[in-house]
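Each remark here refers to the structure printed beneath this line.
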Amino acid sequence: MLALARDAQASEFQLLHKIVTETPQRMHLKSRRPFATHAHELLHTTPADICKAACVKAKWRDQWKSAEPSRLHLYVEDSTDVPGRLLPRKQWTILNRLRTGVGCFGAAMMKWGIVDSARCECGDPLQTVEHILTSCPIYRPPHGERGLIELDHRTLVWLASTELKV
Ligand SMILES: [Zn+2]
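Residue numbering for the sequence shown follows the numbering used here, beginning at 82 and increasing consecutively.
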């Protein structure tokens, strides 16, 4: 029974491969990126001996290296091993909002028209991620941005206990 299923799957794959590689392109197709052409490119650019996950990872790494440098480049080198990924959701969320600089910071909330003031709870007139990481007397992590990169013990304790809501 298992052999039959495997044969059927192999047969389906062979049929798909035959359609993709042998079907002539229709000239009247309006799509700028027809499926068969795209599949052809993939077949020729994907090494035969590489598994799908490794291929995706290699492609991601190439795109990551060629992208404009951003805050995230400080933290992420390998998409499968981002430090802190096993933290509880609340801590992981705060960590990533501080890492990306994208979150409900006062400056962003005012820009989005949700609040009237960008003021931080410490009294600073402009709550940004830079303010939180460098000078906020209430919410600054114990080792600032370096702690968010290294995720040292004190930073992990801070993440578990902070009242920061961003
Ligand atoms: Zn503050």
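Each residue gets a CB set at the ideal place from its N, CA and C atoms; glycine is no exception.
Every value quoted in this text rests on a predicted model; they were computed, and no experiment measured them.
Mind checking which residues open and close the alpha helix (DSSP H) that includes residue i?
i	result
ARG235	234–242
CYS201	Where CYS201 is concerned, there is no enclosing alpha helix (DSSP H), given that its DSSP letter is neither H nor E.
ASP143	133–147
ARG178	170–181
GLU122	116–126
ARG227	225–231
THR104	Taken as a continuous stretch (DSSP letters only), THR104 belongs to no alpha helix (DSSP H), as it is neither H nor E.
Tell me the DSSP secondary structure of residue i in three-state form.
i	result
ALA189	helix
ILE195	coil
VAL163	coil
VAL247	coil
LEU207	coil
SER92	helix
ILE219	coil
Using CA atoms only, rank isn't needed, just tell me which of the options is closest to residue i.
i	options	result
THR243	CYS217, GLU226, PRO222	PRO222
LYS233	LEU176, LYS133, GLY194	One point to set straight first is that residue 233 is Asp, not Lys, in the sequence displayed. Considering only alpha carbons, the answer is LEU176.
LEU249	GLY165, VAL137, LYS140	Since the first residue of the chain shown is 82 and the last is 247, residue 249 is not available in this structure.
GLU211	TRP141, LEU245, LEU179, SER151	LEU179
LYS246	ILE219, ARG227, GLY225, GLU231	ILE219
Taking its Cβ as the centre, do 16 or more other Cβ atoms sit within 10 Å of residue i, making it buried, or is it exposed?
i	result
CYS217	buried
GLN144	exposed
GLN208	buried
THR236	buried
VAL137	exposed
LEU214	buried
(Q) Does the contact criterion of 3 or more C-beta pairs under 8 Å hold for the segment 172–187 versus the segment 200–208? (A) Contact holds: three or more Cβ-Cβ distances are below 8 Å.
Q. Does the count of Cβ pairs from the segment 224–244 and the segment 166–185 closer than 8 Å reach three?
A. Touching, per the Cβ criterion.
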